[in-house]
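In my numbering, the protein residues as written are 2 to 233. To keep things clear, I will list the structure first and then write my remarks on it.
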Amino acid sequence: MKSLSFCSFLLSFSWCITCYAGTSPTAPDSISGQTQLIKQIAAEACQQMAADKQQDSFATMRPPQAQDTFEKILLATIKRRESTIRQVARRSNVPGAYEQLLGSLATLVSVQLVRTCPDATMLYGRFAGARSAEPTPAEQALIQEWGDELCQRLAALQKTGRLQGKTSAECLELFHQEYTASLTKRGPQIMQVYGSDGNSQMVVDLLSNRITQYMQQHCLQTLLLLRGTDAK
């Protein structure tokens, strides 16, 4: 089974955290200059989105096309800034800073874009807002079981102290690992519920949104643990 898009899932989580906490995940303090780098990359990506919108209306894009456009512009902008990223990493004198930056920039720049760039917000809304009819009983059972499991996994991270002293980016990475482990177990169930469509991007996005909504409703305080030290 093709892996569920954690990018979409992560954006949903990050957007939820931003809305409820009044802050956005910011760069880890241990890498000097990362916050400014995030803003610069987001501003450049926003300009590119504005230029692309002149050729193809974002408001009428189908969800898969909107997500593809968002991700392509984001990743292309980060790639163009590779030399700048290396400079920031070298100046920080932090071991492994370049790898840390590459591992977190896509997530942090995405959140900055959705918060500050109207065109990015429009694109995100096109694919994050994709919905089908009311879920079937089998779908609802999957969403409830999986949502409860993810709530429990997140609570366990906190209980064992693994989130203590971590930034939002670091917390999200830890949760990514839990999500991936959970996905491996849920793969057969997803295919059973959705059949061959369980491998489609539309189902991927639909599940991401519905599970995020479920966690907002049933374990919001646990979900907000992903704010990390940035919210303090």
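Every residue, glycine too, gets a C-beta built ideally from N, C-alpha and C.
Since residue i is in the alpha helix (DSSP H), which residue starts that stretch and which ends it?
i      : result
Leu226 : Leu226 -> no alpha helix (DSSP H), and no H or E assigned at all.
Gln145 : 138 to 160
Arg75  : The identity of residue 75 in the sequence shown is Leu, whereas the question assumes Arg. Taken as a continuous stretch (DSSP letters only), the alpha helix (DSSP H) holding Leu75 covers 64 to 81.
Lys54  : 35 to 54
Under three-state DSSP, which class holds residue i?
i      : result
Ala22  : With a pLDDT of only 42 at Ala22, under the threshold of 50, the placement of this residue in the model should not be trusted; the figure read from the coordinates follows. Helix at Ala22.
Cys172 : helix
Gly97  : coil
Asp120 : helix
Ile191 : helix
Gly199 : helix
Ser58  : coil
Leu207 : helix
Glu179 : helix
Leu164 : coil
Ile32  : coil
Within its chain, find whatever has a CB closer than 7 Å to the CB of residue i; leave out the 5 residues flanking it on each side and keep chain order.
i      : result
Gln113 : Ser25, Ile39, Lys40, Ala43
Glu45  : Thr78
Cys152 : Met216, His219, Cys220, Thr223
Asp120 : Cys47, Met50, Ala51, Lys54, Phe59
Ser33  : Arg92, Ser93
Within the same chain, show all residues whose beta-carbon is closer than 8 Å to that of residue i, passing over the 5 residues directly before and after it, in chain order.
i      : result
Ala107 : Cys8, Leu75, Leu76, Ile79
Pro96  : none
Gly196 : none
Return the chain-ordered list of same chain residues with a C-beta closer than 6 Å to the C-beta of residue i, the five sequence neighbours on each side being excluded.
i      : result
Arg211 : Ile144
Leu224 : Met216
Gln159 : Leu226
Mind reading off the beta-carbon distance from residue i to residue j? Whole number of angstroms is fine, and I expect it under 8 Å.
i      : j      : result
Leu175 : Leu164 : 7 Å
Leu124 : Ala67  : 5 Å
Arg87  : Tyr99  : 6 Å
Ala157 : Ser105 : Actually they do not touch by this definition, with Cβ atoms about 23 Å apart.
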